[in-house]
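Undergrad:
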Amino acid sequence: MLGLGERRESCLGSAIRCYNCNSHLDPDCLNLDTPKAKDYLTDCGDEADGHRFTLCRKIEMAMDMDFGVAHPSETRVHRACGWEENDEDGKECYYKSGYNTRSWVCACKEDGCNSASLPGATFVVVPLAILSLALRGVY
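Taking the working numbering, I'd label the letters of the sequence shown as residues 4 to 142.
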């Protein structure tokens, strides 16, 4: 039996649809809870440089140091079509850091799935909040 994504590709021939924007160029890309969000949803097409688009990607990058007007301290979000799976043990999201930058990279395989906040954050924040409340009751 075919999955929904497989059936869509084989029967309809359409590619995945992803949000495609960069908050460095357009600040509305930071948070897609605006009426403008629908403008960023695009048909990824079939290929780029010989690769078939199979997923949507969201990269959230924190630029920690302020280097003046040209390179201020800020958080940037880049949303795009992609084809390369995450390298980190098949996880949906992974974290990378380097000099002056921290990045969360997420990939997903459903239309419009790169719109939301980091999905992994919920799985960390909620248990930490519960643990915090439990410890407050103990001490």
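The C-beta atom is built at its ideal place from N, Cα and C for all residues, glycine as well.
Which of the three DSSP states is assigned to Arg-11 in this structure?
TA: Confidence is the limiting factor: at Arg-11 the pLDDT is only 39, short of 50, which leaves the residue's position unreliable and the question unanswerable from this model.
Undergrad: Mark His-81 as exposed unless 16 or more other C-beta atoms lie within 10 angstroms of its C-beta, in which case mark it buried.
TA: Result: buried.
Undergrad: Apart from the five residues just before and just after Ala-83, which ones in its own chain have a Cβ nearer than 6 Å to its Cβ?
TA: The residues are Asn-23, Arg-60.
Undergrad: At what residues does the beta strand (DSSP E) containing Asp-46 begin and finish?
TA: 44 to 46 is the span of the beta strand (DSSP E), which, as asked, contains Asp-46.
Undergrad: Cβ atoms of Ala-110 and Gly-85: under 8 Å apart, would you say?
TA: Contact flag set, yes.
Undergrad: Report the residue ranges of all beta strand (DSSP E) runs contained in full by the region 80 to 119; include only those spanning at least 3 residues, in chain order.
TA: Counting only runs of 3 or more, we get 96 to 101, 104 to 111.
Undergrad: Span of the beta strand (DSSP E) holding Ala-65?
TA: From DSSP, the beta strand (DSSP E) with Ala-65 extends over 58 to 66.
Undergrad: Between Asp-31 and Lys-39, how many whole angstroms is the CB-CB distance? I'm expecting something under 8 Å.
TA: Sure, about 5 Å apart at Cβ, within 8 Å.
Undergrad: Skipping 5 residues on each side, what residues in its chain have a beta carbon closer than 6 Å to that of Leu-33?
TA: Here the set comprises Ser-26, Val-80.
Undergrad: Between which two residues does the beta strand (DSSP E) carrying Cys-21 extend?
TA: First-last of the beta strand (DSSP E) with Cys-21: 20 to 22.
Undergrad: Of all the options Leu-35, Leu-58, Asp-52, Gly-53, which has the alpha carbon lying nearest to the alpha carbon of Asp-46?
TA: Among Leu-35, Leu-58, Asp-52, Gly-53, the Cα nearest to that of Asp-46 belongs to Leu-58.
Undergrad: Ignore the nearest five residues each way along the sequence and tell me which others in Ser-106's own chain have a CB closer than 8 Å to its CB.
TA: Closer than 8 Å at the Cβ level, and outside the excluded window around Ser-106, lie Ile-62, Glu-63, Met-64, Ala-65, Tyr-98, Lys-99, Ser-100.
Undergrad: If we call anything under 8 Å between Cβ atoms a contact, is Arg-55 one with Asp-114?
TA: Against a cut-off of 8 Å, the Cβ pair of Asp-114 and Arg-55 comes out as no contact.
Undergrad: Out of Glu-95, Lys-112, Phe-70, point me to the one whose CA is closest to Tyr-102's CA.
TA: Checking every option, the nearest Cα to that of Tyr-102 belongs to Phe-70.
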